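Colleague: Numbering (the working numbering), first residue to last: 3 to 360.
Take a look at this one; I'll ask things after.
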């Protein structure tokens, strides 16, 4: 069978049952009418997918601005599902778990992968402990870092975990190294129909690196700002210019350095908050981020913003200075505490809005 958005793979199952188009529509209606909020989102999306429209309306995550509605071609979503299946070797009958909300692209694409590739998909209510009470093993599951952190005891019930939605701390990365499960960090956005590149986090083979590798039919290069440009014709009709500063290794491999709009220039030294945050995660357990404020001599100076009512600035600075890999100019000059960060609808920290609230 040639994959197409108007076809359902004959080995597709949802919660243990196979459905044709008519049956799947009935299930979707029942989710909408009788289900919980997360099941209603699944039902809404399934009806959108089963409709005769060639496009799906989706909302961006809102992590770099207000969420906006965009149109994605169903054909591109099918191509994305096939690319993921090819890269990870997914076969008809493989088991997958949906533990992310279906009102965002990551959750929607798990449903499409199952329908197109013939996967057996189960779903649970999205929460930070998605494996709690589950004894079944799965071949492939996407999670956010916080879910992985809370699932480490059971994580080897899963063959492959892809992690996205937020940065992965050094502390969490170190916990993954000895696991039998294969872990990958993902790079992508709503406009690229989820991930177009992945980075292996453990079980490296000879010749492999911790850089991002693109999925099939995706190539990359950098613009004059050293920002990533994506050429992915099977999932986007035009090249996508990002604000992500990268080091290009080849047309299929790159190192991610940070967001162009977050780069701090302090006394002529360019600092990438995301890279520095990775270092600081060794000693800071609360949620935090690095930003800057104006400085008369240096233009900008580093500040640390932490989500805490009880943060001791002197104690924090002492711990930061004790990090072996920290440079003198990477030590924050001021520390601000706030009881609650400003977040997007799906829980991503809105840095600019949080700074405005201080």
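All C-beta atoms, glycine included, are put in the ideal place defined by N, C-alpha and C.
Just so we're clear, the structure is a prediction, and the values are computed from it rather than from any experiment.
Check whether the Cβ atoms of residue 10 and residue 123 sit closer than 7 Å, and answer yes or no.
Modeller: no
Colleague: Identify, in the order they occur along the chain, each residue of the same chain with its Cβ nearer than 6 Å to the Cβ of residue 47, setting aside the five sequence neighbours on each side.
Modeller: Cβ-Cβ distances below 6 Å link residue 47 to 104, 110 in the same chain, with the five nearest sequence neighbours on each side left out; the list follows chain order.
Colleague: Quick one: measure Cβ to Cβ for residue 204 and residue 185, integer angstroms, because I've assumed they're closer than 8 Å.
Modeller: 5 Å
Colleague: Roughly how many whole angstroms lie between the Cα atoms of residue 164 and residue 188?
Modeller: 7 Å
Colleague: When the Cα atoms are used, what is the spatial distance from residue 263 to residue 336?
Modeller: 21 Å
Colleague: If you draw a straight line from the alpha carbon of residue 114 to that of residue 209, how long is it in whole angstroms?
Modeller: 33 Å
Colleague: When the Cα of residue 60 is compared with those of 192, 253, 235, 98, which residue comes out closest?
Modeller: For residue 60, the nearest C-alpha among the options comes from 192.
Colleague: Could you have a look at residue 122 and say whether DSSP puts it in helix, strand or coil?
Modeller: strand
Colleague: Keeping to the same chain, check which residues put their C-beta closer than 6 Å to that of residue 85; ignore five residues upstream and five downstream.
Modeller: Closer than 6 Å at Cβ, skipping near neighbours: 217, 218.
Colleague: Would you report the Cα separation of residue 240 and residue 248, rounded to the nearest angstrom?
Modeller: A straight line joining the alpha-carbon of residue 240 with that of residue 248 spans about 20 Å.
Colleague: In whole angstroms, what separates the C-alpha of residue 117 from that of residue 14?
Modeller: 6 Å
Colleague: How many Å lie between residue 299 and residue 269 at the Cα?
Modeller: Distance between the alpha carbons of residue 299 and residue 269 is about 7 Å.
Colleague: Checking the sheet assignment: what are the DSSP bridge partners for residue 261?
Modeller: 246
Colleague: By the three-class DSSP mapping on this structure, what secondary structure does residue 297 have?
Modeller: strand
Colleague: Below 7 Å between beta carbons: does that hold for residue 151 and residue 283?
Modeller: no
Colleague: If the criterion is Cβ atoms closer than 7 Å, does the pair residue 183 and residue 140 meet it?
Modeller: no
Colleague: Using a 10 Å radius around the Cβ and a threshold of 16 neighbouring Cβ atoms, would you call residue 353 buried or exposed?
Modeller: buried
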